Amino acid sequence: MLSKRIIPCLDIKDGRVVKGVKFLGLRDAGDPVEVARAYDAQGADELVFLDITASFENRKTLVSLVERIARNIFMPFTVGGGIGDIGDIRNILNAGAEKVSLNTQAVKLPELISASAKRFGSQCIVVAIDAKRKGDSWEVFINGGRTPTGIDALAWAEKAARLGAGEILLTSMDHDGTKDGYDLELTKRVAQKVNIPVIASGGAGKLDDFYNVFAQAGADAALAASLFHYQEYSVKQVKEYLKERGVAVRS
Amino acid sequence: MKIAIIDYGMGNIHSVAKALELFGAAISVTNKKSEIAACSKIVLPGVGAFDDAMAELEKQGLDLVIKEQIKNKKPFLGICLGLQLLLETSQEAKDKKGLGIFKGAVVKFRAQSGQKIPHMGWNNLKVIAGDCPLLKGVVSGSQVYFCHSYYPEPLDKSVIAATTDYGLEFPCVLWKENVYGVQFHPEKSQAVGLKMLENFVNLC
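In the order they appear, the protein sequences are chains A and B.
Following our numbering from start to finish, the first sequence increments by one per residue and tops out at 270.
Following our numbering from start to finish, the second sequence increments by one per residue and tops out at 747.
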């Protein structure tokens, strides 16, 4: 049976981990490889690296970082942030990332989804959606959540899947940072709408939040950042909790 | 002893190279026919579309060297798309035929009973061929990382060394004499995957 996945997310700036990952015993808590190793040891199923600088000069830094991660960590990882064209995607995949995550550029240029899925296969194209509630629906935001687009999140998820996205990374901007749990309604609606895996993101604060997003909202994977970085819970604790409650996880 | 990892521009060779090196293998990442022929084992990785990959192999004349080396009984490991290319045909392909090392086709998962496509994530292995050298020390129930929409369907069922259940039981390890193919990513499957790569390095 396919396991539900637990995915820590790391923000990267100039090749370094930001947002103060506080792992005890790490020689260099800013080194993405060190942090990735620590999550590997905890039993994380995948990692997401989000490059928040995403400028042209930083592309080379990012690609060499991806190579270094791939040489040291034998688990799947996704790289996102500022990916603009097929060339960027190819460089990151060739450097050893399992998947790339497209966000702003996919909204601006949806053909990028179809072109890259055709070239590299749907399985390595993740479309990240930042969604914010607006009345009875959710609106897609781009540029790191700064720019509203007027696009309906459910419709966009469906379109992205149709164009060839292999996975949706769905962040609730309303829940992100609140620690009040994932947006179950949003996640459920998107998971029902598309026939590709959905990673829920934004709002994880307690063990039960993970259970709920799998059992109630039908997510395929759950992503969290600060909860893991600040060691409120380890990946292992989350998995043990889920396993006790009958959720299939990899042990 | 050197292992050739065929570099034909279809992604993701660093993890495979590094993992094999962990077990003492000398690695040559190459697209040179003479170099591939000079190595004692061959790995064909691959991420992407079947047609593009096959076109790339043919353009560089690598399809012929692969067939020849397999015929010469050199241990060969195809990973993910690298396995799929070993079949005769693929539902993903529009105009390309595969290498035809295994009789049969590569087929797409059908959306059935709510299964999502791609099949993405960690799933259990069921070991069919307990004597398969690649699976030495790997038990049924071990989990490996999958990331694919298509799977191999060999005509000769005796080449199926392991399967996985995803709505249906599909072959995920093929094995015939010196040729091994895995649908998952051993280089991304932590300890279980590394064990298989170690086994490959240690093949005589």
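Glycine is no exception: its CB is placed at the ideal position from the N, C-alpha and C atoms.
The structure presented is a predicted model; accordingly, all values stated were derived computationally and were not measured.
**OP:** Name the residue from S577(B), I660(B), N721(B), K719(B) whose alpha carbon lies nearest to the alpha carbon of S692(B).
**Re:** Here residue 692(B) refers to the residue found at position 149 when the second sequence is read from its first residue. Closest in alpha carbon position to S692(B), among S577(B), I660(B), N721(B), K719(B), is I660(B).
Original post:
Going by the CB atoms, is the gap between G625(B) and P588(B) shorter than 8 Å?
Top reply: For the purposes of this step, residue 588(B) is taken as the residue at position 45 of the second sequence. For the purposes of this step, residue 625(B) is taken as the residue at position 82 of the second sequence. Cβ atoms of P588(B) and G625(B): closer than 8 Å.
**OP:** Excluding the 5 residues preceding and the 5 following K23(A) in the sequence, name in chain order all residues of the same chain whose CB lies nearer than 8 Å to its CB.
**Re:** Against the first sequence, residue 23(A) aligns to sequence position 4. Sequence-distant partners of K23(A) (beyond 5 residues in either direction) whose C-beta falls short of 8 Å from its own C-beta, in its chain, are F233, A238, D239, A240, A241, L261, V266, A267, V268.
Original post:
P676(B) by DSSP, collapsed to three states: which one?
Top reply: Locating residue 676(B) in the second sequence gives position 133, where the first residue counts as 1. Note: P676(B) maps to helix in three-state DSSP.
**OP:** Could you name the residues of the same chain whose beta carbon sits closer than 8 Å to that of R165(A), not counting the 5 residues immediately before and after it, in chain order?
**Re:** Counting from 1 along the first sequence, the entry for residue 165(A) is found at position 146. Within the same chain, R165(A) has no close Cβ partners at all.
Original post:
Roughly how many whole angstroms lie between the Cα atoms of T168(A) and P27(A)?
Top reply: Residue 168(A) sits at position 149 when you count from the first residue of the first sequence. Residue 27(A) sits at position 8 when you count from the first residue of the first sequence. If you take the alpha carbons of T168(A) and P27(A), they lie about 28 Å apart.
Original post:
Given a limit of 7 Å on CB to CB distance, which residues of the region 544-576 of chain B reach chain A?
Top reply: Hits within the stretch, in order: G554, N555, H557, S558, K561, A562.
Subject >> Of the listed residues V159(A), A147(A), L84(A), L189(A), nearest to N110(A) (C-alpha basis) >> reply: On the first sequence, residue 110(A) is found 91 positions in, with the first residue counted as 1. That would be L84(A), whose Cα lies nearest to the Cα of N110(A).
**OP:** At 3 residues or longer, and completely inside the region 580-636 of chain B: list those beta strand (DSSP E) runs for me, N to C.
**Re:** Taking only runs of at least 3 residues, the beta strand (DSSP E) segments lying wholly in the region 580-636 of chain B are 584-587, 619-622.
Subject >> Entirely enclosed alpha helix (DSSP H) segments - the region 693-746 of chain B, minimum 4 residues >> reply: Fully enclosed alpha helix (DSSP H) runs of 4 or longer: 733-745.
Subject >> Segments assigned alpha helix (DSSP H), at least 4 residues, entirely inside the region 172-208 of chain A >> reply: Along the region 172-208 of chain A, the alpha helix (DSSP H) occurs as fully enclosed runs of 4 or more residues at 172-182, listed in sequence order.
Original post:
Interface residues of chain A around P588(B) at Cβ under 8 Å?
Top reply: On the second sequence, position 45 is the one that residue 588(B) refers to. Within chain A, no residue comes near P588(B); the closest Cβ sits about 11 Å away, beyond 8 Å.
**OP:** Write down the C-beta distance between Q733(B) and F93(A) rounded to the nearest angstrom, noting that I regard them as a contact closer than 8 Å.
**Re:** On the second sequence, position 190 is the one that residue 733(B) refers to. On the first sequence, position 74 is the one that residue 93(A) refers to. 5 Å between Cβ atoms; contact.
Original post:
Does the region 631-645 of chain B come close enough to the region 732-747 of chain B to have 3 or more Cβ pairs within less than 8 Å?
Top reply: No, because fewer than three Cβ pairs between the region 631-645 of chain B and the region 732-747 of chain B fall closer than 8 Å, the two stretches do not touch.
**OP:** Let me know the secondary structure DSSP gives S220(A) once reduced to three states.
**Re:** For the purposes of this step, residue 220(A) is taken as residue 201 along the first sequence, with counting starting at 1. Here DSSP, grouped into helix, strand and coil, assigns S220(A) to strand.
**OP:** May I ask you to report which of helix, strand or coil DSSP gives T72(A)?
**Re:** Counted from its first residue, the first sequence places residue 72(A) at position 53. It is coil, neither helix nor strand.
Original post:
List, in order along the chain, the chain A residues whose C-beta lies closer than 7 Å to that of E501(B)?
Top reply: This structure cannot settle anything about residue 501(B), because the visible part of chain B is limited to 544 through 747.
**OP:** Give a single yes or no on whether Y694(B) has its beta carbon closer than 7 Å to a heavy atom of the ligand PLP.
**Re:** Although the ligand PLP was asked about, the structure shown includes no ligands whatsoever.
Original post:
Between which two residues does the alpha helix (DSSP H) harbouring L131(A) extend?
Top reply: Working through the first sequence from its first residue, we reach residue 131(A) at position 112. First-last of the alpha helix (DSSP H) with L131(A): 130-139.
**OP:** Taking D638(B) as the query, report the chain A residues whose CB atoms sit under 8 Å from its CB, ordered along the chain.
**Re:** Along the second sequence, one-based indexing puts residue 638(B) at 95. What D638(B) touches in chain A: nothing, since even the nearest Cβ is about 14 Å away.
Original post:
Between the beta-carbon of I148(A) and the beta-carbon of T190(A), is there less than 8 Å?
Top reply: Walking along the first sequence from the start, residue 148(A) turns up at place 129. Walking along the first sequence from the start, residue 190(A) turns up at place 171. The Cβ-Cβ distance between I148(A) and T190(A) falls below 8 Å.
**OP:** Specify, as a first and last residue, the run of the alpha helix (DSSP H) that Q256(A) falls within.
**Re:** As a working mapping, residue 256(A) is identified with position 237 in the first sequence. For Q256(A), the enclosing alpha helix (DSSP H) has its first and last residue at 254-263.
**OP:** May I have a chain-ordered list of the beta strand (DSSP E) segments no shorter than 3 residues that lie completely inside the region 79-108 of chain A?
**Re:** For secondary structure counted as the beta strand (DSSP E) over 3 or more consecutive residues, the region 79-108 of chain A holds these complete runs in sequence order: 96-99.
Subject >> Cross-chain neighbours of L711(B) in chain A, by beta carbon under 8 Å >> reply: As a first step, residue 711(B) is located in the second sequence; it is residue number 168 there, counting from the start. Below the 8 Å Cβ cutoff, chain A contributes no neighbours of L711(B), its closest Cβ being approximately 13 Å away.
Subject >> Enclosing beta strand (DSSP E) for R152(A) [first to last residue] >> reply: Mapped onto the first sequence, residue 152(A) falls at position 133. Under the DSSP assignment, R152(A) falls in the beta strand (DSSP E) whose first and last residues are 144-153.
**OP:** Go to L226(A), then tell me how far its alpha helix (DSSP H) extends in each direction, as first and last residue.
**Re:** Along the first sequence, one-based indexing puts residue 226(A) at 207. For L226(A), the enclosing alpha helix (DSSP H) begins and ends at 226-234.
Original post:
From V559(B) to Q142(A), what does the alpha carbon distance come to, in whole angstroms?
Top reply: Here residue 559(B) refers to the residue found at position 16 of the second sequence. Here residue 142(A) refers to the residue found at position 123 of the first sequence. Separation of V559(B) and Q142(A) (C-alpha to C-alpha, rounded to the nearest whole angstrom) is 19 Å.
Original post:
Given that W718(B) touches chain A, what residues does it touch there, using C-beta distances under 9 Å?
Top reply: Sequence index remark: in the second sequence, residue 718(B) carries index 175 (1-based). Within 9 Å Cβ-Cβ: nothing; W718(B) doesn't reach chain A, min ~22 Å.
Original post:
M739(B) versus chain A: which residues are under 9 Å apart at the beta carbon?
Top reply: Position 196 of the second sequence, counted from the first residue, corresponds to residue 739(B). Within chain A, no residue comes near M739(B); the closest Cβ sits about 11 Å away, beyond 9 Å.
Original post:
Beta-carbon of L21(A) versus every beta-carbon of chain B: anything under 8 Å?
Top reply: As a working note, residue 21(A) is residue 2 in the first sequence. Yes, L21(A) counts as interfacial toward chain B.
Subject >> Simplified DSSP assignment, three categories, for N666(B) >> reply: Within the second sequence, numbered from 1, the residue matching residue 666(B) stands at position 123. Here N666(B) carries a strand assignment [DSSP, helix/strand/coil].
Original post:
Excluding the five sequence neighbours on either side, which residues of its own chain have a C-beta within less than 8 Å of the C-beta of S685(B), listed in chain order?
Top reply: As a working note, residue 685(B) is residue 142 in the second sequence. So the qualifying residues of the chain are N667, L668, V735.
Subject >> Euclidean distance between Cα positions of K700(B) and S156(A) >> reply: The residue labelled residue 700(B) in the question sits at position 157 within the second sequence. The residue labelled residue 156(A) in the question sits at position 137 within the first sequence. Each residue's Cα considered, the two are about 50 Å apart.
Original post:
What residues in the region 675-697 of chain B bring their beta carbon closer than 7 Å to a beta carbon of chain A?
Top reply: Within the region 675-697 of chain B, the residues whose Cβ lies closer than 7 Å to some Cβ of chain A are Q686, Y688, C690, H691, S692, listed in chain order.
Original post:
From which residue to which residue does the beta strand (DSSP E) around K118(A) run?
Top reply: Within the first sequence, numbered from 1, the residue matching residue 118(A) stands at position 99. Boundaries of the beta strand (DSSP E) harbouring K118(A): 118-121, taken from the DSSP string.
**OP:** Starting from the C-beta of P729(B), find all residues in its chain whose C-beta is less than 6 Å away, skip the five residues before and the five after it, and write them out in chain order.
**Re:** Taking the second sequence and counting its residues from 1, one reaches residue 729(B) at position 186. In its chain, beyond the 5 residues on either side, G736, M739, L740 have a beta carbon closer than 6 Å to the beta carbon of P729(B).
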